[in-house]
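Participant: Numbering-wise (the numbering used here), the sequence shown opens with residue 818 and increments by one. Beta carbons: idealized from backbone N, C-alpha and C, even for Gly. Computed from a prediction, not measured in an experiment: that's the story for all the values here. My questions all concern the structure below.
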Amino acid sequence: MNKPINSPFRYAGGKFYARSLILKHIPFHSYYVEPFAGGGSIFFAKEKVNKNWLNDIDVALINTYLIIRDTPDKLIQYLSGEKATKERHSYYKNDFKPQNKLEEAARWFYLNRTSYSGIMKPQNCYWGYGDKYSMRPENWPRNILRTSEKLQNVEITCFDFEKVISTVPDNTFLFIDPPYFNADQDKFYTHSFSIDDHYRLCSILKKHNDRIKFLLTYDNSTEVRDLYEWAIEIHDKEWNYTINRTDDQKKGQKKEDNFKGERYKGKEIFILNYDSNAELSQEPKQLVISF
Ligand SMILES: C[S@@+](CC[C@H](N)C(=O)[O-])C[C@H]1O[C@@H](n2cnc3c(N)ncnc32)[C@H](O)[C@@H]1O
């Protein structure tokens, strides 16, 4: 199963709304790697190639991917009959003590699908589900099954990014989506990313620059532009996105019944270590999907 699908997860900082912009810049490749996979929205939106590798430092996220890849039916069975309610959310968040990897994945999946923006960090994990705007529990099995099919033969690991970047074979293409440089993304992710980590990422990419191709996405700042002045291309990119009422956490804010969501603009830079015009015109066509 190779067709484009949506990420199985709600994911803060996910690239769902920037998918088509990013896919247009991806050159032909036969080995695809995401060292900061998160919800994997680009991996799920593109065609799989010969070899595919998803990595993230978040142990609970990676466990959920592994359970979905290897034992989807058990996860579906475990979650069958679940209802999306504040009470069940609170139960999974505060009381439920998983006894094994399947139960850990079930807890993570339930909370991810029913929390504000899918944020799983306990201090910021709040109920954020609405029947009209969120994926209902009766549709979870289909989501799990199609994800499992796409994940077959995909390598899934839980390492620090440096280990991944330094071990990929020559000519690998990497889509690299680290936490932002200038935003307080610690509130989203279980593992914090320091300024030193940003510098470490830059130096490992520079070290392997001649043998890999990468597209790196970042918040637009002079620090990042200065760090990557050695890259071949830096593009300013903008896209529209909407935050649904269930993802709008402003306390006490009452929305009209027909409220569909607030519109925002995503603004980032795409940093490439290859000449995208040359790559995209010379190589066999990579699938580009319009959403
Ligand atoms: C911006 S998110 C990736 C979002 C993803 N591209 C998507 O579309 O859903 C950044 C990810 O980096 C992961 N991360 C943070 N520090 C890391 C590290 N040292 N090594 C690998 N992954 C890390 C976080 O757990 C988070 O999932």
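1. Taking the continuous alpha helix (DSSP H) assigned at phenylalanine 978, which residues delimit it?
2. Check the C-beta distance from glycine 990 over to lysine 1030 and give it rounded, since I have them as a contact under 8 Å.
3. Since leucine 1033 contacts isoleucine 973 with CB under 8 Å, what's their CB separation in whole angstroms?
4. At a cut-off of 7 Å, would you count tyrosine 1006 as near ligand 1, judging by its Cβ distance to the nearest heavy atom?
5. Roughly how many angstroms lie between the CA atoms of cysteine 942 and phenylalanine 1005, to the nearest whole one?
6. Select from Pro852, Ile885 and Pro821 the residue whose C-alpha is nearest the C-alpha of alanine 862.
7. So within the segment 983 to 1046, which uninterrupted beta strand (DSSP E) runs reach at least 3 residues, ignoring any that extend past its ends?
8. If you measure between the beta carbons of arginine 771 and arginine 930, is that distance less than 8 Å?
9. Could you give the residue range of the beta strand (DSSP E) that holds lysine 1087?
10. So does the segment 863 to 877 actually touch the segment 888 to 897, counting three or more Cβ pairs closer than 8 Å?
11. Heavy atom of ligand 1 less than 7 Å from the Cβ of alanine 854, yes or no?
12. Using only CA atoms, which one of Asp875, Tyr933, Ser847 and Leu840 lies nearest to glycine 855?
13. Would you report the Cα separation of tyrosine 849 and aspartate 873, rounded to the nearest angstrom?
Facilitator: Let me lay it out:
1. Per DSSP, phenylalanine 978 belongs to the alpha helix (DSSP H) from 978 to 984.
2. With the sequence shown as reference, residue 990 is identified as phenylalanine, and glycine is not the correct amino acid for it. With a Cβ gap of about 5 Å, phenylalanine 990 and lysine 1030 count as contacting.
3. Not really, about 21 Å apart at Cβ, beyond 8 Å.
4. At least one heavy atom of ligand 1 is nearer than 7 Å to the Cβ of tyrosine 1006, so yes.
5. Within the model, the alpha-carbon separation for cysteine 942 versus phenylalanine 1005 is close to 9 Å.
6. Comparing Cα-Cα distances from alanine 862 to each of Pro852, Ile885 and Pro821, the minimum goes to Pro821.
7. Listed in chain order, they are 990 to 993 and 1030 to 1035.
8. For residue 771 there is no data in the structure shown, the boundaries of the chain being 818 and 1108.
9. First, the amino acid is wrong: residue 1087 is phenylalanine here, not lysine. Counting along the chain, the beta strand (DSSP E) containing phenylalanine 1087 begins and ends at 1079 to 1089.
10. The segment 863 to 877 makes no contact with the segment 888 to 897; the number of CB pairs closer than 8 Å stays below 3.
11. Correct: alanine 854 has its Cβ closer than 7 Å to ligand 1.
12. That would be Asp875, whose Cα lies nearest to the Cα of glycine 855.
13. CA-to-CA, the gap between tyrosine 849 and aspartate 873 works out to about 14 Å.
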